[in-house]
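For the sequence shown, the working numbering gives the first residue as 161, with consecutive numbering after it.
Glycine is no exception: its CB is placed at the ideal position from the N, C-alpha and C atoms.
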Amino acid sequence: MKRSNPTLLDFQAVLILSQERSFRAAADQLGLSPSALSRQITSLEARLGSRLFDRDTRSVEITVAGSAFAQIAERIINTAEDGLAEFGSYQSAQRGRLTIAGLPSITASLLPQILRNFTADHPEIDLKIIDALSGSVLDAVDSGQADIGFTAGTVTARSRLAFEPLMEDEFVALGMPDGPLAEDRAYGWEELVAMPFIVMETGTSVRELIDGTCQRFGHSLSPRFEVAHLATAGALVSAGLGITVLPRLTLAILRSETFVIRDISDFGTRRRIGLVRRSGRTLSPTATAFLKYVRVSSRH
161 MKRSNPTLLD FQAVLILSQE RSFRAAADQL GLSPSALSRQ ITSLEARLGS
211 RLFDRDTRSV EITVAGSAFA QIAERIINTA EDGLAEFGSY QSAQRGRLTI
261 AGLPSITASL LPQILRNFTA DHPEIDLKII DALSGSVLDA VDSGQADIGF
311 TAGTVTARSR LAFEPLMEDE FVALGMPDGP LAEDRAYGWE ELVAMPFIVM
361 ETGTSVRELI DGTCQRFGHS LSPRFEVAHL ATAGALVSAG LGITVLPRLT
411 LAILRSETFV IRDISDFGTR RRIGLVRRSG RTLSPTATAF LKYVRVSSRH
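Here it is, written out as structure tokens:
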């Protein structure tokens, strides 16, 4: 016959009775009647096959086996209390781990200030940031590698993901002061595509919106350079090799003080920035707390 293990209540009963040496006093602490506590101890002794207390109508004395069990009970109860305290910290988002995936333009611009506020109130949270292109951000959230992600556009092609818009990011033209954008004014799209154009590669959220604008105007883009990274685009512009068109948030990654930044009069489209998470999945308390800071930030 399989012997059932003692419960946490059993450990607590033995520990308190060993301290009080009185069924009545111990029962009061446990919220039980003395007879109920006596039955619990008797049942536990039968399951253990060992007498823990010698008792009669006038006294209760702990046995050697009872003392050994009480020491174990104290360790187990302390461990349980520590574990519950740790879980309480997790539930209150005071401790835990949070992994955030995001486009570099977002992790370099929006995220630092949000994290500054969040970590001031939650200093014990372990944080990991994954900088990635849009598709990789979605993959990280979809696979569970990241709790939430920041990306551009929508995620309609992935039914397991939900997109929450936060803000819109306008496109601007960047060039050198002595280059094609030297004149301080807004430029039209037809003017810009006629200049030496440096463009992000196909598959990026920036390129998708630029291609959409070209289609709307009926122009085919013939870039002088096509690059995978924003830093490369900025370096080519700095070298005087052309102009580029990027969302304003990306300027946080570039040394934008060396560029002239011009409005685009008829670009029309704005990049929608939002957070993405798994649909139908309960977020951890840590992620839930972080989202409150994100939403507050997006309203300012």
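In this structure, DSSP gives residue 222 an extended state, which the three-state scheme calls strand. For residue 213, the enclosing beta strand (DSSP E) covers residues 213-215. With respect to the 9 Å criterion, residue 305 and residue 259 are classified as neighbours on the basis of their beta carbons.
In the three-state reduction of the DSSP assignment, residue 259 falls in the strand class, which pools E and B. When C-alpha distances from residue 432 are compared across 247, 195 and 323, the shortest belongs to 323. By the neighbour-count criterion, in which 16 or more other beta carbons inside 10 Å mark a residue as buried, residue 456 falls on the exposed side. Cβ atoms of residue 454 and residue 321 stay farther apart than 8 Å, at about 16 Å.
Judged by beta-carbon spacing, residue 345 lies within the 9 Å limit of residue 422, meaning their Cβ atoms are closer than that value.
Contact between residue 335 and residue 403 is confirmed by a C-beta separation of about 4 Å, below the 8 Å threshold.
Taking 8 Å as the upper bound for CB-CB distance, residue 263 and residue 301 are not in contact here, some 13 Å apart. By the neighbour-count criterion, in which 16 or more other beta carbons inside 10 Å mark a residue as buried, residue 283 falls on the exposed side. Bridge partners of residue 288 according to DSSP: 259. Across the structure, residue 257 and residue 326 are spaced so that their CA atoms are roughly 23 Å apart.
In the three-state reduction of the DSSP assignment, residue 410 falls in the helix class, which pools H, G and I.
One thing to note: residue 185 has its Cβ no nearer than 9 Å to the Cβ of residue 173. Of the residues assessed, residue 183 falls on the buried side of the cut-off, its CB having 16 or more other CB atoms within 10 angstroms.
Closest in C-alpha terms to residue 328, from the list 447, 295, 369 and 349, comes 369.
Counting only runs of 3+ residues, the beta strand (DSSP E) found wholly inside the region 319-370 occupies 321-329, 331-335 and 357-360, in chain order.
Cβ neighbours of residue 350 within its own chain (closer than 8 Å, five residues either side excluded): 377 and 379. Annotation for residue 229: 174 and 212 place their beta carbon closer than 7 Å to its own, counting only its chain and skipping 5 residues before and after.
About 7 Å separates the Cβ atoms of residue 360 and residue 393, confirming a contact at the 8 Å cut-off.
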